[in-house]
Amino acid sequence: MRQEKLLVNSMCGRLTRWLRMLGFDTYYDREADDDQLIAMAKKEGRILITRDVELHERASKAGLRTILLRSPHHAVQLATVISILRGELEIDPNLSRCPTCNSSLRRASRMEVEGKVPERSFKAHNEYWVCTGCGKIYWRGSHWRGISKVLEEARRLAPST
30 MRQEKLLVNS MCGRLTRWLR MLGFDTYYDR EADDDQLIAM AKKEGRILIT
80 RDVELHERAS KAGLRTILLR SPHHAVQLAT VISILRGELE IDPNLSRCPT
130 CNSSLRRASR MEVEGKVPER SFKAHNEYWV CTGCGKIYWR GSHWRGISKV
180 LEEARRLAPS T
């Protein structure tokens, strides 16, 4: 698990899933207004991530750590955030959080997921993880290629350190 706790506003919602997959505890509520976001970040010691210049300035003046993103593209946003936080653009499912609900994942046996995942996936894969919050089951299926492509693009775009 990463140490940093993050809060993403609605302008960067798509980024939330990626940060969670990378192991960051990432709060997201698309209905929250700026005052609620600032209060939550302050209460829970979260780093605020936004594209909203005004929100960024208000949060900074309130003494909060913020990351202002300039690009609307999620691969660029991901590269920027990970560079600032000095993280790695590698997904380790044992450290990941649920992209849907932000709870931690735990390893699951094949026996435990049998009948709960598509038969074709069950036959093709041996490693599974279950969300401790919502119960969703994850594995490295065909979607993994798309995930890998986005991570590779983010690595290419990441500023050199």
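So the sequence shown is residues 30 to 190, counted in this note's numbering. Using N, Cα and C, we set each Cβ at its ideal position, and we do this for glycine too.
> How would you call residue 32, buried or exposed, if buried means at least 16 neighbouring beta carbons within 10 angstroms?
Replying inline: By the neighbour-count rule (16 or more Cβ atoms within 10 Å), residue 32 is not buried but exposed.
> For the 8 angstroms Cβ check, are there 3 or more pairs between the stretch 139–150 and the stretch 111–119?
Replying inline: Touching, no, given that fewer than three Cβ pairs across the two stretches are closer than 8 angstroms.
> Taking all protein chains shown into account, do 16 or more other C-beta atoms lie within 10 angstroms of the C-beta of residue 50, making it buried, or fewer, making it exposed?
Replying inline: Around the beta carbon of residue 50, 16 or more other beta carbons lie within 10 angstroms, which makes this residue buried.
> When DSSP labels each residue in this structure, what does residue 165 get in the three-state scheme?
Replying inline: Residue 165 falls in the coil class under three-state DSSP.
> For residue 62, does the count of other Cβ atoms within 10 angstroms reach 16, so buried, or fall short, so exposed?
Replying inline: With fewer than 16 other Cβ atoms within 10 Å, it is exposed.
>> Tell me the residue span of the alpha helix (DSSP H) that contains residue 58.
In response: Note, residue 58: premise wrong, no alpha helix (DSSP H); not H, not E.
> Hey, residue 222 and residue 41 are a contact pair by Cβ (cut 8 angstroms); roughly how many whole angstroms apart?
Replying inline: A query on residue 222 cannot be resolved here, the shown segment of the chain reaching from 30 to 190 and no further.
>> Rounded to whole angstroms, what is the Cα-Cα separation between residue 100 and residue 182?
In response: Residue 100 and residue 182 have their C-alpha atoms roughly 14 angstroms apart.
> In chain order, what residues of the same chain lie with their CB nearer than 7 angstroms to the CB of residue 145, ignoring the 5 residues before and after it?
Replying inline: Its chain contains 166 as the residues whose beta carbon lies nearer than 7 angstroms to that of residue 145, once the 5 sequence neighbours on both sides are disregarded; these appear in chain order.
> Is the beta carbon of residue 85 less than 9 angstroms from the beta carbon of residue 43?
Replying inline: Not closer than 9 angstroms, so no.
> Tell me which same chain residues have a C-beta within less than 6 angstroms of the C-beta of residue 180, skipping the five on either side of it?
Replying inline: Taken in chain order, the residues that qualify are 118.
> In this structure, does DSSP put residue 187 in helix, strand or coil?
Replying inline: Per DSSP, reduced to three states, the secondary structure at residue 187 is coil, with no helix or strand assignment.
>> Let me check understanding here. Comparing Cα to Cα, which of 52, 73 and 109 lies closest to residue 96?
In response: Comparing alpha-carbon positions, the option among 52, 73 and 109 lying closest to residue 96 turns out to be 109.
> Roughly how many angstroms separate the alpha carbons of residue 188 and residue 93, rounded to a whole number?
Replying inline: Near 24 angstroms, if we compare the C-alpha coordinates of residue 93 and residue 188.
>> So, with DSSP's three-state summary, where would you put residue 4?
In response: Absent from the model: residue 4. The displayed extent of the chain is 30 to 190, so no value can be given.
> If you follow the alpha helix (DSSP H) that residue 145 is part of, which residue opens it and which one closes it?
Replying inline: Counting along the chain, residue 145 falls outside any alpha helix (DSSP H), and DSSP gives it neither H nor E.
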